[in-house]
Amino acid sequence: MAKKVTRSTQSKSMFGFEVNPPVFFISTIVIVLAIALTLIFRESAEGFFADVQSGVANYADWFFIISVNIFLLFLIYLALSKYGTMRLGGDMARPEFSTGSWFAMLFSAGMGIGLLFFGVGEPVMHFQNPPWAEPETAEAATQAMNFTFLHWGFHPWAIYALVGLALAYFTYSRGLPLTIRSIFYPFLGDRIYGIIGDIIDIFAVLATLFGLATSLGFGVQQIASGLNHVFSMPNGIFTQMILIAIITVIASTSVALGVDKGVKVLSEWNMRIAFFLLILALVLGPTIYILRSFIENTGSYLFNFLQIATWGETFNGTTWQDNWTVFYWGWWIGWSPFVGMFIARISKGRSVREFILGVLLVPSLVTFFWMSTFGSSAIKQTMDGKSELAEAIDADIATALFVFFQDYPLTIVINVVAVLLIAGFFVTSSDSGSLVIDSLTSGGKIDSPVAQRIFWAVVEGAVAAVLLLGGGLQALQTATTVTGLPFAVILLVMCYSLLKGLREDWRKLQQKRSLKEQENYEEIISKIITKRSTSKKPKPFSDETN
6 MAKKVTRSTQ
16 SKSMFGFEVN
26 PPVFFISTIV
36 IVLAIALTLI
46 FRESAEGFFA
56 DVQSGVANYA
66 DWFFIISVNI
76 FLLFLIYLAL
86 SKYGTMRLGG
96 DMARPEFSTG
106 SWFAMLFSAG
116 MGIGLLFFGV
126 GEPVMHFQNP
136 PWAEPETAEA
146 ATQAMNFTFL
156 HWGFHPWAIY
166 ALVGLALAYF
176 TYSRGLPLTI
186 RSIFYPFLGD
196 RIYGIIGDII
206 DIFAVLATLF
216 GLATSLGFGV
226 QQIASGLNHV
236 FSMPNGIFTQ
246 MILIAIITVI
256 ASTSVALGVD
266 KGVKVLSEWN
276 MRIAFFLLIL
286 ALVLGPTIYI
296 LRSFIENTGS
306 YLFNFLQIAT
316 WGETFNGTTW
326 QDNWTVFYWG
336 WWIGWSPFVG
346 MFIARISKGR
356 SVREFILGVL
366 LVPSLVTFFW
376 MSTFGSSAIK
386 QTMDGKSELA
396 EAIDADIATA
406 LFVFFQDYPL
416 TIVINVVAVL
426 LIAGFFVTSS
436 DSGSLVIDSL
446 TSGGKIDSPV
456 AQRIFWAVVE
466 GAVAAVLLLG
476 GGLQALQTAT
486 TVTGLPFAVI
496 LLVMCYSLLK
506 GLREDWRKLQ
516 QKRSLKEQEN
526 YEEIISKIIT
536 KRSTSKKPKP
546 FSDETN
């Protein structure tokens, strides 16, 4: 019988690192080649990936729409089913982090930075160009917020929750490595430790690294735009390189400290700053309007949920949904290995129901209130005839948040807080992403050498810097969204794999509980028989109890 490969035998010590050689070295080589080819043939690469993306949107939009809805329905089923009581790590497992820290980390890694980048710009863009309403009308405003909620609410968090739950289950309840390959153990068995598993993890490494690097590159452009807008600092390539260096140094320090002392602390501070910025926007802005819009936006979104979640432009003959919703589904699915793995890393000890409700409901509700505060207020500015915001969004969406705050008192203070928060969210995305890539390339090790974790944080920063200098960000961003199609297929398989595993463990758990109950019953009967056989005559009840 072949020896089963385990987490410890799969990783090897090399150059002071603990790595899974095929995944580590092949990923590194492919990363270098991909960057080199993208920079050398930048225009051709942009055109190629744009054509592929267009083809995916034209012919597979229906597949994205139905798949993402299946993910959400599947998770709701698990949360409400008997499997919801099962704990990630067994009945005796308890959460490693407090609920507050858990929410802070999953939100920071998930989409915190996106809310800052698109929280103002996207609703206004939908308001000016709605799916089917008359532009810049009350109906257009409602549709704008409905689709913004769709793109940032339950569906994207369902994608993350599915990957995170499957990984957490197979890692903590089955004792498998914290890598994407482990999800397919019910189908592949020990073959996940072979070439098939290596290919799966290499694919996940590439999607994670390029997704993070392109986001980091676009993010420093937004930070630089903010610094230019607030302090008139030059928004050139030199400034952007300095920003990448600073973010990389902070992220490296964070990963060196680990999750508990690094990522968790930064995430908690991010949430404090985000809450402060949200309160400033609420109190100094149109407060009553924001509160009303939150209630109305949420109600309208829920009322129209089925229509907008399944709308495919079949009878419209337009491409709005392909350009927005389908793009988002590809982007979130492409990011799911990174965010899902990180959520799994911090979720040991939580029940299946607690995990699903926590990942789906809380971040979505926070997102709804955030988008109502910033997005609805931005639409109000546009409806009030303040054209500066719409012009800024058309010219450079990275400046939208800072132009939006020009209508507020204490503009400079608020913009400084916004710049700090943008930088903070990028740091937490970078450090959590580094931990995920490190886990993938080390065969699932959680406690890898510090130098190894720092290595991947530096690689992320270096890739972002090279792409910024060479102008290859757009090509790789498009490529990342294209990876959403094959990953959507993988996630559908993941649903069945997770359900299969939960069913097997539920049967074992019930058998164990039944056996325990039988043993307890037999023990009670045995004690009664023993007591009766040793008794010579009946005794009063009071004598038996003394």
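If you want the numbering used here, it's the 1-based position in the sequence shown plus 5.
Every residue gets a Cβ at the ideal spot worked out from N, C-alpha and C, and that includes glycine.
For residue i, the nearest candidate out of the options (CA to CA)
i: residue 449; options: 390, 483, 172 and 130; result: 172
i: residue 215; options: 534, 533 and 486; result: 486
i: residue 95; options: 180, 339 and 17; result: 180
i: residue 259; options: 150, 435 and 90; result: 435
i: residue 55; options: 393, 433, 332 and 430; result: 332
i: residue 403; options: 66, 62, 127 and 78; result: 127
i: residue 217; options: 461, 492, 493 and 515; result: 461
i: residue 380; options: 146, 337 and 168; result: 146
i: residue 417; options: 24, 285 and 67; result: 285
i: residue 174; options: 190, 466, 219 and 433; result: 190
i: residue 200; options: 366, 387 and 28; result: 28
i: residue 85; options: 429, 407 and 358; result: 358
i: residue 400; options: 130, 57 and 325; result: 130
i: residue 222; options: 252, 202 and 208; result: 252
i: residue 382; options: 361, 366 and 411; result: 411
i: residue 385; options: 74, 166 and 291; result: 291
i: residue 321; options: 289, 296 and 135; result: 135
i: residue 311; options: 116, 107, 110 and 151; result: 151
i: residue 413; options: 533, 275 and 288; result: 288
i: residue 168; options: 186, 58, 269 and 153; result: 186
i: residue 397; options: 390, 405 and 391; result: 405
i: residue 103; options: 270, 64 and 369; result: 270
i: residue 347; options: 407, 106, 302 and 114; result: 114
i: residue 71; options: 210, 232, 493 and 501; result: 493
Alpha-carbon spacing of residue i relative to residue j, whole angstroms
i: residue 489; j: residue 112; result: 21 Å
i: residue 22; j: residue 441; result: 15 Å
i: residue 273; j: residue 425; result: 14 Å
i: residue 457; j: residue 267; result: 16 Å
i: residue 443; j: residue 305; result: 42 Å
i: residue 372; j: residue 118; result: 12 Å
i: residue 6; j: residue 193; result: Since pLDDT at residue 6 reaches only 37, below the 50 mark, its modelled position is unreliable, and the value read off the structure follows with that caveat. Computed Cα separation, rounded: 17 Å.
i: residue 246; j: residue 229; result: 10 Å
i: residue 160; j: residue 530; result: 54 Å
i: residue 25; j: residue 513; result: 32 Å
i: residue 164; j: residue 395; result: 32 Å
i: residue 491; j: residue 79; result: 19 Å
i: residue 184; j: residue 195; result: 14 Å
i: residue 248; j: residue 463; result: 13 Å
i: residue 37; j: residue 68; result: 32 Å
i: residue 11; j: residue 479; result: Low per-residue confidence applies at residue 11: pLDDT is 46, beneath 50, and the placement is therefore not dependable enough to give any value.
i: residue 535; j: residue 356; result: 41 Å
i: residue 1; j: residue 213; result: This structure cannot speak to residue 1, because the chain is shown only from 6 to 551.
i: residue 337; j: residue 90; result: 28 Å
i: residue 47; j: residue 469; result: 15 Å
i: residue 17; j: residue 453; result: 11 Å
i: residue 4; j: residue 178; result: In the structure as shown, the chain begins at 6 and stops at 551. Residue 4 is therefore absent and cannot be evaluated.
i: residue 53; j: residue 63; result: 15 Å
Sheet register partners of residue i (DSSP bridge)
i: residue 393; result: Paired residue(s): none; residue 393 is not in a bridge.
i: residue 356; result: 92
i: residue 220; result: Partner(s): none; residue 220 has no beta bridge.
i: residue 259; result: None; residue 259 has no bridge partner.
i: residue 18; result: 23
Opening and closing residue of the beta strand (DSSP E) in which residue i lies
i: residue 24; result: 22-24
Where the alpha helix (DSSP H) containing residue i begins and where it ends
i: residue 2; result: The structure shown does not extend to residue 2, since the chain is modelled only from 6 to 551, so the question has no answer here.
i: residue 433; result: 416-446
i: residue 346; result: 332-350
i: residue 461; result: 455-475
i: residue 190; result: 190-193
i: residue 388; result: 382-388
i: residue 264; result: That residue, residue 264, is in no alpha helix (DSSP H); it is neither H nor E in DSSP.
i: residue 410; result: No alpha helix (DSSP H) contains residue 410, which DSSP labels as neither H nor E.
Residue i at chain B interface by Cβ criterion, 7 Å
i: residue 453; result: Among the protein chains of the structure shown there is no chain B, as only one such chain exists.
Kindly provide the ranges of any alpha helix (DSSP H) runs that are 4 or more residues long and lie completely inside the region 141-181, ordered along the chain. 143-157 and 159-173
Residue ranges of each beta strand (DSSP E) run of no fewer than 3 residues wholly in the region 39-117, ordered along the chain? none
Counting only runs that start and end within the region 277-310, where is the beta strand (DSSP E) found for 3 or more residues in a row? none
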